[in-house]
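Enquirer: Here it is, the structure, as structure tokens.
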Ligand SMILES: [Zn+2]
Ligand SMILES: [Zn+2]
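Laid out in structure tokens, this is it:
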């Protein structure tokens with residue numbers, strides 16, 4: 018990119034990305050093949066994708082996944098980050114390997130500023146996922162400054178990067194810094210898109226979740242109640258986003274100590290998310306975990322064990 022801080026300054030201190038195959042699965046890998054090229058993978062390790070796909074459908078070479086992602090680029094960057102079969106994010110070595118491959122791919126096309134900044138944002142996120150939060154935040158901040166300079170405050174990529182930085186700041190304990198960014202994003206979205214747009218509701222939810230993690234459950238509960246009401250009206254009560262807000266609202270009420278509707282709300286969320294996303298989806302499973310914890314907390318140990326066993330079987 019011309020005139021920017023760019024990859025040398027942003028990536029200078031990036032730790033190498035680990036792409037080792039999972040050791041315990043070595044023997045099983047022997048008989049298996051990459052689902053893309055059907056090669057058993059003698060020259061490049063076969064890696065589990067870490068998404069929702071099971072068995073052989075999840076096994077591939079990083080270079081094969083990268084080739085698919087590069088071919089699909091006109092449709093967006095999704096294939097670098099999430100499995101296009103099950104729609105879940107890659108995790109573990111496949112996630113890191115593809116982040117590295119995307120960066121190499123961007124380096125080979127220096128004229129493509131968006132590609133380069135997306136690759137750097139993705140590397141910043143990967144650093145955090147590997148526990149290097151300060152480094153990830155530093156990289157994220159540099160990417161955000163560049164996005165603001167080139168595309169402006171209201172660009173979707175700039176806002177995505179800002180949200181990712183807020184998440185990192187929150188993780189590092191800078192809750193005030195995170196809240197400031199999320200509130201700015203919310204205000205900008207309200208001005209540009211109106212109060213009921215799904216992106217505005219998403220930004221509002223980010224502010225509310227930030228308040229919850231700061232130990233302000235009453236403020237969070239009040240915001241989540243409003244967001245849930247709007248989502249039910251605009252998107253319907255069975256929309257995945259509505260069901261997730263319902264889950265967050267239940268969590269805020271647990272923090273406040275108001276247990277009256279928590280169990281039924283979480284049960285309802287689990288049923289809905291199972292219907293919409295499937296019982297193996299991370300968000301369905303996360304909701305089930307919250308209900309298991311809640312049932313245990315209120316002394317319903319048998320119900321908690323039954324629910325935990327039900328979701329354990331699907332893992
Ligand atoms: Zn392959
Ligand atoms: Zn998958």
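In my numbering, the protein residues as written are 18 to 332.
Just so you know, even glycine gets a beta-carbon here, dropped at the ideal spot from N, CA and C.
#1: Specify, as a first and last residue, the run of the alpha helix (DSSP H) that residue 71 falls within.
#2: Please tell me whether, using a cut-off of 7 Å, the distance from the CB of residue 145 to the nearest non-hydrogen atom of ligand 2 is below it.
#3: Looking at the secondary structure, which residues open and close the alpha helix (DSSP H) in which residue 60 lies?
#4: According to the neighbour-count rule (16 or more other Cβ atoms, all chains shown, within 10 Å of its Cβ), is residue 324 buried or exposed?
#5: Could you please give the first and the last residue of the uninterrupted alpha helix (DSSP H) stretch that includes residue 250?
#6: Measure how close the beta-carbons of residue 289 and residue 312 come, nearest whole angstrom, since I'm counting them as under 8 Å.
#7: Using a 10 Å radius around the Cβ and a threshold of 16 neighbouring Cβ atoms, would you call residue 124 buried or exposed?
#8: Following a CB-centred definition, is residue 81 positioned closer than 7 Å to any heavy atom of ligand 2?
#9: Contact between the stretch 195–206 and the stretch 233–242 is defined here as three or more beta-carbon pairs at a separation below 8 Å; is this criterion met?
#10: Output the boundary residues of the alpha helix (DSSP H) element that contains residue 217.
#11: Our contact map puts residue 281 next to residue 264 with C-beta atoms below 8 Å; I'd like the distance itself, whole angstroms only.
#12: At a cut-off of 7 Å, is residue 72 close to ligand 2 when judged by its beta-carbon and the heavy atoms of the ligand?
#13: Pull up the distance between the alpha-carbon of residue 91 and that of residue 111, whole angstroms please.
#14: Please report the straight-line C-alpha distance between residue 234 and residue 223, rounded to a whole angstrom.
#15: Please report the distance separating the alpha-carbon of residue 50 from that of residue 81.
#16: To the nearest angstrom, how far is it from the Cα of residue 194 to the Cα of residue 182?
#17: What is the residue span of the alpha helix (DSSP H) that residue 300 lies within?
#18: Any heavy atom of ligand 2 within a distance shorter than 7 Å of the CB on residue 89?
Expert: A quick look at the data gives this:
#1: As a position in the chain shown, residue 71 is number 54, starting the count at 1. Boundaries cannot be given for residue 71, as no alpha helix (DSSP H) includes it and DSSP labels it neither H nor E.
#2: As a working note, residue 145 is residue 128 in the chain shown. No, since every heavy atom of ligand 2 falls outside the 7 Å radius drawn around the Cβ of residue 145.
#3: The count along the chain shown starts at 1 and reaches residue 60 at position 43. Neither: residue 60 is in no alpha helix (DSSP H) and is coded neither H nor E.
#4: Position 307 of the chain shown, counted from the start, is the residue given in the question as residue 324. So residue 324 ends up on the buried side.
#5: Along the chain shown, read from residue 1 onward, the residue named residue 250 stands at position 233. DSSP places residue 250 in the uninterrupted alpha helix (DSSP H) bounded by 234–252.
#6: One-based indexing of the chain shown puts residue 289 at position 272. One-based indexing of the chain shown puts residue 312 at position 295. The Cβ separation is near 18 Å, so there is no contact.
#7: The sequence position of residue 124 within the chain shown is 107, counting from 1. Counting other Cβ atoms within 10 Å of its Cβ, residue 124 stays below 16 and is therefore classed as exposed.
#8: Position 64 of the chain shown, counting from 1, holds the residue named residue 81. Flag unset: Cβ of residue 81 not near ligand 2.
#9: With the cut-off at 8 Å, the stretch 195–206 and the stretch 233–242 do not touch.
#10: In the chain shown, the residue the question calls residue 217 occupies position 200. That run of the alpha helix (DSSP H) goes 215–230.
#11: Here residue 281 refers to the residue found at position 264 of the chain shown. Here residue 264 refers to the residue found at position 247 of the chain shown. Here residue 281 is actually not in contact with residue 264; their C-beta atoms are around 12 Å apart, not less than 8 Å.
#12: Within the chain shown, numbered from 1, the residue matching residue 72 stands at position 55. Every heavy atom of ligand 2 is 7 Å or more from the Cβ of residue 72, so no.
#13: Taking the chain shown and counting its residues from 1, one reaches residue 91 at position 74. Taking the chain shown and counting its residues from 1, one reaches residue 111 at position 94. Taking the straight line from one Cα to the other gives about 22 Å.
#14: Walking along the chain shown from the start, residue 234 turns up at place 217. Walking along the chain shown from the start, residue 223 turns up at place 206. Taking the straight line from one Cα to the other gives about 14 Å.
#15: The sequence position of residue 50 within the chain shown is 33, counting from 1. The sequence position of residue 81 within the chain shown is 64, counting from 1. The C-alpha of residue 81 is placed about 12 Å away from the C-alpha of residue 50.
#16: Within the chain shown, numbered from 1, the residue matching residue 194 stands at position 177. Within the chain shown, numbered from 1, the residue matching residue 182 stands at position 165. About 10 Å.
#17: Looking up residue 300 in the chain shown gives position 283. Its alpha helix (DSSP H) spans residues 299–314.
#18: Here residue 89 corresponds to residue number 72 of the chain shown, with the count starting at 1. Relative to the non-hydrogen atoms of ligand 2, the Cβ of residue 89 never comes closer than 7 Å to any of them.
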